[in-house]
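To start, the structure under review is shown below, and the notes come after it.
Residue numbers (the working numbering): 42 to 242.
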């Protein structure tokens, strides 16, 4: 994994004109998936997920309901993800990652998506953003993420523990993320690894 966000949280945020509830403040930078989850009004993160095989042949633990925005062109993906990052920054969030690393061609995933599509970052369930550029929202399934070199999933998925089988449930370290330090962990005041929710909201 090359993209390991940490968390920071500010209160009183809004997304595309929709006021969202505030959540506990955190410290450091967070990835776009975590930021969008908070803006969607979720104050807790999943403690476990489903073991799913990535396009790189490795098994990952992915929160239930994870999905990705799809686009008809690279330009739409880059513009939209950049816009979402800027909205987060304007609301006082410190976001790690950029559109170039979070957008990727569907050609890396065989027949999982239309060959003409571009894909945005993997997001937690119930944390979609409002955008006319998004063609659809695609559920994350086996082989539909984690192409070699991809960073679009690393804010949400993590490597599955040894011996875990596809389809089984497994814990997400410290709530979510690719390592113990990229989720909530010790960065959230008063919490240690999510808030007991398995749905992300």
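Even glycine gets a Cβ: it sits at the ideal position worked out from N, Cα and C. Quantities reported herein were computed from a predicted structural model and do not represent experimental measurements.
query                                                                                                                    : result
Spatial neighbours of residue 101 in its chain, beta-carbon cut-off 8 Å, leaving aside the 5 residues before and after   : 92, 93, 94, 95, 186, 187, 194, 198, 199, 200, 201
C-alpha distance - residue 159 paired with residue 138, whole-angstrom precision                                         : 17 Å
Counterpart residues of residue 199 in DSSP-defined beta bridges                                                         : 102
Three-state secondary structure (DSSP) of residue 77                                                                     : helix
Residue 145, DSSP secondary structure in three states                                                                    : strand
Runs of beta strand (DSSP E) lying entirely within the region 143-189, each at least 3 residues, in chain order          : 177-180
Terminal residues of the alpha helix (DSSP H) in which residue 120 lies                                                  : 115-131
Through-space distance from residue 190 to residue 111, alpha-carbon basis                                               : 19 Å
Top-ranked residue by Cα proximity to residue 196, from 132, 127, 136, 176                                               : 136
Between the CA atoms of residue 168 and residue 64 - distance to the nearest angstrom                                    : At residue 64, the pLDDT of 40 sits below 50, so the modelled position is not reliable; the number obtained from the coordinates is stated separately. Going by the C-alpha atoms only, they are around 14 Å apart.
Cβ separation of residue 142 and residue 76, assumed to be a contact under 8 Å, to the nearest whole Å                   : 15 Å between Cβ atoms; not a contact.
Within 7 Å, strictly: CB atoms of residue 164 and residue 87                                                             : no
Separation of residue 140 from residue 121, as counted between CA atoms                                                  : 8 Å
Beta-carbon proximity check, residue 106 vs residue 153, cutoff 7 Å                                                      : no
Proximal residues to residue 131 (C-beta, below 8 Å), its chain only, five neighbours per side dropped                   : none
Residue 181 burial status per 10 Å Cβ neighbour count (16 or more: buried)                                               : buried
Alpha-carbon to alpha-carbon, residue 119 and residue 78                                                                 : 20 Å
Beta-carbon proximity check, residue 108 vs residue 210, cutoff 7 Å                                                      : no
Nonlocal neighbours in the same chain, by C-beta distance under 8 Å from residue 114, ignoring five residues either side : 159
Distance between residue 145 and residue 204 (C-alpha atoms, nearest Å)                                                  : 30 Å
Assumed close pair residue 148, residue 155 - CB separation to whole angstroms, cut-off 8 Å                              : Contact doesn't hold; Cβ gap of about 10 Å is too wide.
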